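Notes follow once the structure below has been shown.
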Amino acid sequence: MSDKEEQVDMLFNEADEEAQENKYLMCKIGGEVYGIDIQHVTDIIELQKITEVPDMPKYVKGVINLRGQVIPVIDLRLRFGMDQREYDDRTVITVVKIKDNSIGFIIDTATEVQDIPEKNVDPPPKFQGDAAKRKYVSGLGKVEKEVIILLDIEKLVVQEEIESIQAELEHTS
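Per my numbering, the sequence shown runs over residues 1 to 173.
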């Protein structure tokens, strides 16, 4: 690739990143609408066969094979301590990139991509108690009369969990 082609690629990548700033994938989990920063989302795929892996936390449903890559899959309902529900034709796996790792999140449904300017995002509330759930929230986005819970996906799966899942996958293969 020539220097010119590399410069053009860099410009396109920067433009893509700027175009994706303040955009969130809206997804329903239970009765709430959550937003996932679109810059982390790589795929939204139909639910497919998930291979269970032994000795994983309950919310880790197993792994899928996506274009030759083995990806751990986490049910966000279970991660948030909600009741499990039957998956249906609207249930999808949202694949995100966290650092250099791809992780799939099972969500009830993905609805749209919403632009939420930074000025419309408030910090997460600081209630006593519920610190575990609050750590996943990066902010509260205001869209018309709705409040969207914006998720901090890097805190949904801590690095130690990713390493533990990968070590278990390598051990079982």
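Glycine included, each C-beta is placed from N, C-alpha and C at the ideal position. Since the model is a prediction, treat every value here as computed from it, not as a measurement.
How about K23 and D115: are their beta carbons less than 8 Å apart?
Numbered from its first residue, the sequence shown carries residue 23 at position 23. Numbered from its first residue, the sequence shown carries residue 115 at position 115. For K23 and D115, yes; Cβs fall inside 8 Å.
Beta-carbon separation of G139 and P123 under 8 Å?
Here residue 139 is taken as the residue at index 139 of the sequence shown, counted from 1. Here residue 123 is taken as the residue at index 123 of the sequence shown, counted from 1. Yes, these two residues count as a Cβ contact at 8 Å.
Starting from L66, trace the beta strand (DSSP E) both ways and give me its first and last residue.
Along the sequence shown, read from residue 1 onward, the residue named residue 66 stands at position 66. Looking at the DSSP string, the run of the beta strand (DSSP E) that includes L66 is 60-66.
With a 10 Å radius around its C-beta and 16 neighbouring C-beta atoms as the bar for buried, classify G31 as buried or exposed.
Within the sequence shown, the letter at position 31 stands for residue 31. That one is exposed.
For the region 67-139, list the alpha helix (DSSP H) runs that are entirely contained and at least 4 residues long, ordered along the chain.
Fully enclosed alpha helix (DSSP H) runs of 4 or longer: 76-79, 131-134.
Among all the DSSP beta bridges, which residues are the ones paired with Q51?
Taking the sequence shown and counting its residues from 1, the one referred to as residue 51 is at position 51. One detail in the question is off: residue 51 reads as Thr in this sequence, not Gln. In the DSSP output, where bridge partners are listed per residue, T51 has V63.
Taking 6 Å as the limit between beta carbons, can you name the residues of its chain near D3, skipping five residues before and five after?
Indexing the sequence shown from 1 puts residue 3 at position 3. Residue placement at D3 cannot be trusted, given a pLDDT of 40 that sits under 50; the coordinates are not used to answer.
Find the nearest neighbour of D43 within the set D75, I71, V33, judged by alpha-carbon distance.
Here residue 43 corresponds to residue number 43 of the sequence shown, with the count starting at 1. Taking only the C-alpha atoms, the option nearest D43 is I71.
If you follow the beta strand (DSSP E) that E146 is in, where does it begin and where does it stop?
Here residue 146 refers to the residue found at position 146 when the sequence shown is read from its first residue. Its beta strand (DSSP E) spans residues 146-151.
Can you tell me whether E21 is helix, strand or coil according to DSSP?
Working through the sequence shown from its first residue, we reach residue 21 at position 21. If DSSP states are grouped into helix, strand and coil, E21 belongs with coil.
Does the distance from the C-beta atom of E46 to that of V92 stay below 8 Å?
Here residue 46 corresponds to residue number 46 of the sequence shown, with the count starting at 1. Here residue 92 corresponds to residue number 92 of the sequence shown, with the count starting at 1. Cβ distance < 8 Å, so E46 and V92 count as in contact.
Buried or exposed for D89, please, with buried defined as at least 16 other CB atoms from any protein chain shown within 10 angstroms of its CB.
On the sequence shown, position 89 is the one that residue 89 refers to. Answer is exposed; the Cβ neighbour count stays below 16.
Which same chain residues, not among the five before or five after Q84, have their C-beta less than 8 Å away from its C-beta?
As a position in the sequence shown, residue 84 is number 84, starting the count at 1. Hits under 8 Å: D75, R77, L78.
Given a threshold of 16 other Cβ atoms within 10 Å of its Cβ, counted over all protein chains shown, does G104 qualify as buried or as exposed?
Reading the sequence shown from its first residue, position 104 is the one you call residue 104. That one is buried.
Whole angstroms are fine: how far does the CA of K142 sit from the CA of I38?
The residue labelled residue 38 in the question sits at position 38 within the sequence shown. The residue labelled residue 142 in the question sits at position 142 within the sequence shown. So the alpha carbons of these two residues sit roughly 17 Å apart.
Below 8 Å between beta carbons: does that hold for L151 and Y59?
Stepping through the sequence shown from its first residue, residue 151 is reached at position 151. Stepping through the sequence shown from its first residue, residue 59 is reached at position 59. The answer is no: Cβ separation not under 8 Å.
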